[in-house]
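Numbered per the UniProt record's numbering, the sequence shown finishes at 184, counting up by one with no gaps. Note that CB positions come from ideal geometry on N, CA and C, so glycine has one too. Since the structure comes first, as structure tokens, the remarks are kept for the end.
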Amino acid sequence: MEQHLKKRILGAFVTVVAVAIALPIVLDGSRSQLALQSDIPPMPDMPEWSRVEDERRVRIELEQLASGEAAAQIAVPETDVVEQNDPAPPRGQSDRTELDSNQLPYAWTLQLGAFSEQKNAFALRDQLRAKGYKAYTQEFTGDKLTRVYVGPELQRSQIESLQKQLRKELKQQDIHIKRYRAES
């Protein structure tokens, strides 16, 4: 027999066998309606009181927003622009961490500038971060300024040496030491 004819017969045989196996499965139709089995229990019905409580909570929150009460609770206290260094803590060495009358530790930060354009403040902050400094910004809506700070440090001597280093590096003399108070 010719090689080409053998290949054609073999191909026809394989096709007939495949159709004989697949055709009953397709024509049966029972496999199309198979549902996946799941171990997840159905969601329980929510009690009516939970919906009422959620609606009441949302109503209270909306009333607080409308009255301005919520904004007053989260208002950040205003801080002044630093024009001179804050004094060292009273009665003690400036190189030791001490607590003030409110039992908060003295920490120090450097104010490098106050910008009316937020993008300029962010640019300086990013430039300082790229050089390895712990730089951050604070926005003050009252005077519409964004201030750039470096720090904080717990020891005043460390912040003073950082102040000298930044004055040399940035060629800027109005870098002032300020007492750092964490926002709550």
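CB of residue i within 8 Å of CB of residue j, strictly
i, j, result
"Y149", "L112", "yes"
"A121", "E153", "no"
"Q118", "T146", "yes"
"A114", "R125", "no"
"Q158", "R167", "no"
"S116", "K144", "yes"
Endpoints, the alpha helix (DSSP H) within which residue i is located
i, result
"K7", "3-28"
Boundaries of the beta strand (DSSP E) in which residue i is found, first to last residue
i, result
"K171", "Taken as a continuous stretch (DSSP letters only), K171 belongs to no beta strand (DSSP E), as it is neither H nor E."
7 Å CB neighbourhood of residue i in its chain, flanking five on each side removed
i, result
"Q163", "L110, I175, I177"
"L5", "none"
is_contact[residue i, chain D] using C-beta, thresh 8 Å
i, result
"R156", "Within the model displayed, chain D is absent; a lone protein chain is all it includes."
Beta bridge counterpart(s) of residue i as assigned by DSSP
i, result
"K178", "T109"
"A114", "R147"
Entirely enclosed beta strand (DSSP E) segments - the stretch 121-155, minimum 3 residues: The qualifying runs are 135-140, 145-153.
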